[in-house]
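Written below as structure tokens is the structure these notes are about.
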Amino acid sequence: ATRATATTESGGNQPPSWKNLSLVNSASTASSSPQHSFVIQLASQPANLQPNSRLAVCSPSNQILLLDRRSLQPIDGQLLGSGHDSQIVDCRFSRAAWNELLTCASRWDDQLLLWDLRVNNNKGGSAAIVRFNSESGDCMSTADISCDGLLLCAGAELDSANQDARIVFWDRRFPTAPLGCYSDSHQDSLARVRFHPSRSRRLLTAGLDGLACSFDLTAECEDDALVFTYNAGCGIHGADWIAADSDLQLKPAQLAESVAYVLTGQEGYALFEAEELGDTLMELDRLPVLGGPTVHDDASEEADGGVTSRVADYIVGPLTSGHHLLVGRHSGRLGVLSLKQQTAPVWLSEDAVGHADTVRCCHWDSETNSL
1 ATRATATTES GGNQPPSWKN LSLVNSASTA SSSPQHSFVI QLASQPANLQ PNSRLAVCSP
61 SNQILLLDRR SLQPIDGQLL GSGHDSQIVD CRFSRAAWNE LLTCASRWDD QLLLWDLRVN
121 NNKGGSAAIV RFNSESGDCM STADISCDGL LLCAGAELDS ANQDARIVFW DRRFPTAPLG
181 CYSDSHQDSL ARVRFHPSRS RRLLTAGLDG LACSFDLTAE CEDDALVFTY NAGCGIHGAD
241 WIAADSDLQL KPAQLAESVA YVLTGQEGYA LFEAEELGDT LMELDRLPVL GGPTVHDDAS
301 EEADGGVTSR VADYIVGPLT SGHHLLVGRH SGRLGVLSLK QQTAPVWLSE DAVGHADTVR
361 CCHWDSETNS L
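Numbering (the UniProt record's numbering), first residue to last: 1 to 371.
Following this line, the structure appears as structure tokens:
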């Protein structure tokens with residue numbers, strides 16, 4: 001895990017100057033198995049809940065490393081993932097309580113774990129305080145907790161027997177049995193479920209069937225709850241709500257709180273209004289070829305580190321308000337692609353990146369202009 005900071009163009013309210021990113025800190029995950037010594041996901045604790053907020057870093061070793069968000073130094077030791085029967089695939093900090101972290105694991109694991117970061121067990125980690133079980137044995141692939149901390153949700157892998165992919169809900173106060181489920185909106189495994197950051201009963205889901213759905217959970221049934229569906233045309237592997245930019249000139253203005261994005265398996269990206277009759281704001285079917293054929297090796301990089309004739313290998317995720325994408329190459333190089341300017345990515349210097357392999361996740365901290 002690395003942290004880099006960017007200066008602004010001319011003052012604190014201007015967009016970051018990506019060329020001026022400089023490496024500040026880095027941290028490593030430790031594992032006795034080489035194939036487990038990489039990061040698959042990170043989660044950032046909301047800064048308004050804890051002055052020294054944290055990052056949770058997941059690795060295939062089934063452990064979660066807790067780091068100080070600014071220094072990337074380990075704090076509270078490692079949160080051992082031994083409560084799960086398989087690899088942790090999703091983790092989310094609560095927005096309502098600074099001490100709670102939700103995790104779910106893939107395959108053969110039909111439960112969510114809610115960890116209390118204040119409680120240390122005799123192994124030096126933290127102890128799970130609540131287990132949320134699925135009565136039907138769903139294999140969870142993603143999970144989240146609502147902004148008021150009262151509702152939990154998990155997306156399941158496709159049940160080949162029943163040919164449905166369930167979205168399961170729990171009341172935080174009654175963990176022994178699910179509150180209910182949706183089973184008709186997706187026809188393949190769920191890749192992401194994400195609650196809205198400020199609207200506790202608004203949910204975004206996305207799946208390998210290429211659909212992203214927005215639900216109003218105050219409705220009485222699944223059909224009435226479905227507000228909006230976006231069809232990406234191919235499998236989706238990432239999705240979330242994102243702060244809208246004033247340049248989008250959304251009408252009415254309240255739609256600025258309803259903008260979401262998806263990332264597809266074909267390295268595509270879309271930004272849309274997740275409301276009834278919502279519009280697609282930006283759409284990129286796949287990473288473009290800019291000035292030359294698609295090449296995925298480093299044989300002819302320019303001496304100054306810039307790459308003007310080739311696309312990146314993959315999209316890591318959106319930055320700021322969704323107009324910039326962090327893109328990467330399998331050598332560890334990272335760049336910023338502007339969707340407004342339609343120009344070649346700004347490739348960051350190797351000194352600013354600190355990675356030597358594929359980057360799987362990112363978090364942009366607008367408060368400190370750091371990545």
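Glycine included, C-beta positions come from ideal geometry on N, C-alpha and C. Bear in mind the structure is a predicted one, so any value in this text is a computation, not a measurement.
- For R70, the closest alpha carbon among the candidates P60, P46, N62, R92 is that of P46.
- CA-to-CA, the gap between Q163 and S26 works out to about 44 Å.
- The C-alpha of H323 is placed about 16 Å away from the C-alpha of Y314.
- Listed in chain order, the beta strand (DSSP E) runs fully inside the segment 125 to 186 are 126 to 133, 140 to 145, 151 to 156, 167 to 171, 180 to 182, counting runs of at least 3 residues.
- Around L21, the same chain offers A4, A6, L348, A352 as residues with beta carbons nearer than 6 Å, after the five sequence neighbours per side are excluded.
- D90 sits buried, since 16 or more C-beta atoms from the chains shown fall within 10 Å of its C-beta.
- Inclusion of A165 and F228 in the CB contact set at 9 Å is not warranted, their separation being larger than that value.
- Taking C-beta atoms as the reference points, I145 and R118 fail to come closer than 9 Å.
- Checking the DSSP bridge columns, you'll see R194 partnered with L204.
- By the Cβ-count criterion, A356 is exposed, with fewer than 16 other Cβ atoms from all chains shown falling within 10 Å of its own Cβ.
- Within its own chain, the residues whose Cβ lies closer than 6 Å to the Cβ of A128, once the five positions on either side in sequence are excluded, are G83, L113, W115, listed in chain order.
- For E275, there is no enclosing beta strand (DSSP E), since its DSSP letter is neither H nor E.
- When the five nearest sequence neighbours on each side are left out, the beta carbons in the same chain lying within less than 6 Å of the beta carbon of G233 are those of G210, in order along the chain.
- For N48, the number of other beta carbons within 10 angstroms of its own is below 16, and it is reported as exposed.
- Residue pairing of F215 in beta bridges, as defined by DSSP: L203, L226.
- Secondary structure at S53: coil, using DSSP grouped into helix, strand and coil.
- G180 is not a Cβ neighbour of V193, given a cutoff of 9 Å.
- In the three-state DSSP reduction, V353 falls in the helix class (H, G or I).
- Each residue's CA atom was taken as its position, placing E350 and R92 some 30 Å apart.
- Contact check for S141 and S106: beta-carbon distance about 6 Å, within the 8 Å limit, so the pair qualifies.
- DSSP places E283 within a strand segment (E or B) once states are collapsed to three.
- Its Cα nearest to that of I236, the residue T264 stands out among W18, T264, V259, D224.
- Note that the C-beta distance between S189 and A156 is below 9 Å.
- In the displayed model, E220 falls within coil according to three-state DSSP, outside both helix and strand.
- With a beta-carbon spacing of about 7 Å, G328 and T358 fall inside the 8 Å limit used to define contacts.
- For the 9 Å CB-CB criterion, A225 and T218 form a contact.
- With fewer than 16 other Cβ atoms from the protein chains shown falling within 10 Å of its own Cβ, G137 counts as exposed.
- Distance from the CA of L339 to the CA of W364, rounded to the nearest whole angstrom, comes to 17 Å.
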